[in-house]
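J.:
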Amino acid sequence: MGSIRSIAILLHERHTFAPAMRYQIWTMAEVWREMGIGVEMVFGAGREVTADVLFPHLDMSYIPEEYWDLMQRHPRVVNRRVRDIRKTLVSTNLVRGADEYEGPVIVKTACNCGGNLDEWLLGRGRPASLGARVWNRVSRWGWIERRLLGRARTLAKYHVFDSARDVPAGAYRNPGVVVEKFLPERLDGRYVLRNWYFLGDRSWGRMCASREWVVKAINSERVAYVDPPPEVAAARARMGLDFAKIDYVMHEGRGVVLDVNVTPTFARPPDAERTALVKSVAEGILRCGAGTEPIAAE
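Just so you know, we're using this note's numbering here: the sequence shown kicks off at 708 and counts up by one.
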């Protein structure tokens, strides 16, 4: 069994503002340092990484070639097998045509977080001309955005339709968005979202409820701590995830995965309870790293 003396957190070369964001990995890094493990940040894939463990923290839905190649060359990598977390891969509830499903549907970007950070990191962010910037803002107005789903790469919000037939036809051909069955979970008149956080063999889960149908940490309250159902655990194993947050709901007694996030954040400054929960999974680093034996700190 090897030991961990150092961890390199791999960040995209354009993501220089990442250390100022509320990523949970910074809280876990505090624990690693307390364990005597050195932690460094590496921006870009331009040099080989000599740290014992490479921890990719690329806030992108699909990892570019140069970063992927670096991950495959390193002997100990967290999430080594995880390159693609777009909903086109993650979702098991895709609707691919107007006549395929009778119930309500929801349209989202294939990429996480509305696709915005993916576009920025790929250099396709803010339009150059004034006219393009004005149109970019106008096109995010709700009723206009709904009409433009056939060519959107980013979205300001999710869009729910009563029927798959009501979705603009172009959305089914647009690789930038997905159409899914809308399968909300309800509890006492509120909408429910369940989250499962894990690193290696450490994990914790919660169930949140909100009056709004898009349940986010910022607009909801925790109503229970919960363990993941078998379907969600199986999705983790299938994707080869060492570290992630999986969002899911329960529908007809089964877990339905909605989203996978390998760079989870705190929605607001964390309180002591939330900080303790995140720190509780940090030692899971000792039991992950695809292609290696379990590793331990000295």
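Just so it is clear, CB atoms sit at the ideal spot from N, CA and C, and this is done for glycine as well.
Whole angstroms are fine: how far does the CA of Gly830 sit from the CA of Val841?
T.: Start at 1 with the first residue of the sequence shown, and residue 841 comes out as number 134. Start at 1 with the first residue of the sequence shown, and residue 830 comes out as number 123. A caution first: Val841 carries a pLDDT of 48, below 50, which makes its placement in the model unreliable, though a value can still be read off. Rounded to the nearest angstrom, the two C-alpha atoms are 19 Å apart.
J.: As an exercise, report each continuous beta strand (DSSP E) stretch of at least 3 residues that is fully enclosed by the stretch 712-749, in chain order.
T.: Within the stretch 712-749, the complete beta strand (DSSP E) runs of at least 3 residues are 713-718.
J.: State whether the stretch 926-946 contacts the stretch 866-877, with contact taken as three or more CB pairs (one from each stretch) at a distance under 8 Å.
T.: With a cut-off of 8 Å, the stretch 866-877 and the stretch 926-946 do not count as touching, because too few Cβ pairs lie within range.
J.: Report buried or exposed for Phe724, applying the criterion of at least 16 other Cβ atoms within 10 angstroms of its Cβ.
T.: As a position in the sequence shown, residue 724 is number 17, starting the count at 1. Per the 10 Å Cβ criterion, exposed.
J.: Can you list, in chain order, the residues of its chain whose CB lies under 6 Å from that of Val930, leaving out five sequence neighbours each side?
T.: Taking the sequence shown and counting its residues from 1, one reaches residue 930 at position 223. Excluding sequence neighbours, Val930 sits near Met914 and Ala916.
J.: Just the Cα atoms here: how many angstroms apart are Arg712 and Ile953?
T.: Locating residue 712 in the sequence shown gives position 5, where the first residue counts as 1. Locating residue 953 in the sequence shown gives position 246, where the first residue counts as 1. Taking the straight line from one Cα to the other gives about 29 Å.
J.: Does Asp766 come out as helix, strand or coil in the three-state DSSP assignment?
T.: Position 59 of the sequence shown holds residue 766. Asp766: coil per DSSP, three-state reduction.
J.: Can you check DSSP and say which residues form a bridge with Val814?
T.: On the sequence shown, residue 814 is found 107 positions in, with the first residue counted as 1. For Val814, which the question treats as bridged, DSSP gives the partners His866 and Val886.
J.: With DSSP as the reference, label Cys995 as helix, strand or coil.
T.: In the sequence shown, counting from the first residue as 1, residue 995 sits at position 288. Reduced to three states, the DSSP call for Cys995 is coil.
J.: Considering Cα atoms alone, identify which of Ala979, Val738 and Asn968 is closest to Arg824.
T.: By one-based count along the sequence shown, residue 824 stands at place 117. Note on identity: in this sequence residue 824 is Leu, with Arg being the wrong assignment. The shortest Cα separation from Leu824 among Ala979, Val738 and Asn968 belongs to Asn968.
J.: Would you report the Cα separation of Pro771 and Asn786, rounded to the nearest angstrom?
T.: Position 64 of the sequence shown, counted from the start, is the residue given in the question as residue 771. Position 79 of the sequence shown, counted from the start, is the residue given in the question as residue 786. Using only the alpha carbons, I get a separation of about 15 Å.
J.: Using alpha carbons as the reference points, say which of Leu718, His958 and Arg961 lies closest to Met778.
T.: Along the sequence shown, one-based indexing puts residue 778 at 71. Looking at the Cα atoms, Leu718 is the closest of the given residues.
J.: Alpha carbon to alpha carbon, how far is Tyr955 from Arg748? Give it in angstroms, no decimals.
T.: Within the sequence shown, the letter at position 41 stands for residue 748. Within the sequence shown, the letter at position 248 stands for residue 955. Before going on, a small fix: residue 748 reads as Met here, not Arg. Each residue's Cα considered, the two are about 31 Å apart.
J.: Where do the N-terminal and C-terminal ends of the beta strand (DSSP E) with Ser987 fall, by residue?
T.: Within the sequence shown, the letter at position 280 stands for residue 987. First-last for Ser987: Ala979 to Ala989, but that is the alpha helix (DSSP H), not the beta strand (DSSP E).
J.: Check each candidate in Ala974, Ala942, His958 and Trp911 and name the one with the smallest Cα separation from Glu928.
T.: Residue 928 sits at position 221 when you count from the first residue of the sequence shown. The shortest C-alpha separation from Glu928 is found at Ala974.
J.: Mapping DSSP to helix, strand and coil, what is Gly896?
T.: For the purposes of this step, residue 896 is identified with residue 189 of the sequence shown, where counting begins at 1. Of the three classes helix, strand and coil, the one that applies to Gly896 here is coil, per DSSP.
J.: Could you please give the first and the last residue of the uninterrupted alpha helix (DSSP H) stretch that includes Glu928?
T.: Against the sequence shown, residue 928 aligns to sequence position 221. First-last for Glu928: Glu928 to Tyr932, but that is the beta strand (DSSP E), not the alpha helix (DSSP H).
J.: Give the range of the alpha helix (DSSP H) segment to which Lys794 is assigned.
T.: Indexing the sequence shown from 1 puts residue 794 at position 87. Here the alpha helix (DSSP H) through Lys794 covers Lys794 to Val797.
J.: Considering only the alpha carbon of each residue, which of Arg994, Phe905, Leu993 and Thr982 lies closest to Thr970?
T.: Sequence index remark: in the sequence shown, residue 970 carries index 263 (1-based). Comparing Cα-Cα distances from Thr970 to each of Arg994, Phe905, Leu993 and Thr982, the minimum goes to Phe905.
J.: Give the secondary structure of Leu824 by DSSP, where H, G and I count as helix, E and B as strand, and everything else as coil.
T.: By one-based count along the sequence shown, residue 824 stands at place 117. If DSSP states are grouped into helix, strand and coil, Leu824 belongs with the helices.
J.: Could you have a look at Ala951 and say whether DSSP puts it in helix, strand or coil?
T.: In the sequence shown, the residue the question calls residue 951 occupies position 244. DSSP places Ala951 in strand when its eight states are reduced to three.
J.: Leaving out five residues on either side along the sequence, give the residues of the same chain with a beta carbon under 8 Å from the beta carbon of Ser768.
T.: Your numbering for residue 768 matches position 61 in the sequence shown. Excluding positions up to five away in sequence, the list reads Asp791, Ile792, Arg793, Ala817, Cys818, Asn819, Gly822 and Asp825.
J.: Sort Ala942, Asp934 and Trp920 by Cα distance to Gly912 and report the nearest one.
T.: Position 205 of the sequence shown holds residue 912. Nearest of Ala942, Asp934 and Trp920 to Gly912, Cα basis: Asp934.
J.: Could you give the first and the last residue of the continuous beta strand (DSSP E) run that contains Ala703?
T.: Examination of residue 703 is not possible in this model, given that the chain is present from 708 through 1005 alone.
J.: Which class does Pro962 belong to by DSSP, given the choice of helix, strand or coil?
T.: Taking the sequence shown and counting its residues from 1, one reaches residue 962 at position 255. In the sequence under discussion, the amino acid at residue 962 is Gly, which differs from the Pro named in the question. It is a strand residue.
J.: Along the alpha helix (DSSP H) that carries Val939, what are the first and last residues, could you check?
T.: Position 232 of the sequence shown holds residue 939. Unbroken alpha helix (DSSP H) run through Val939: Pro937 to Met946.
J.: Quick check on the burial criterion: 16 or more other C-beta atoms within 10 angstroms. Buried or exposed for Arg893?
T.: Against the sequence shown, residue 893 aligns to sequence position 186. Looking at its Cβ environment, which holds fewer than 16 other Cβ atoms inside 10 Å, Arg893 is exposed.
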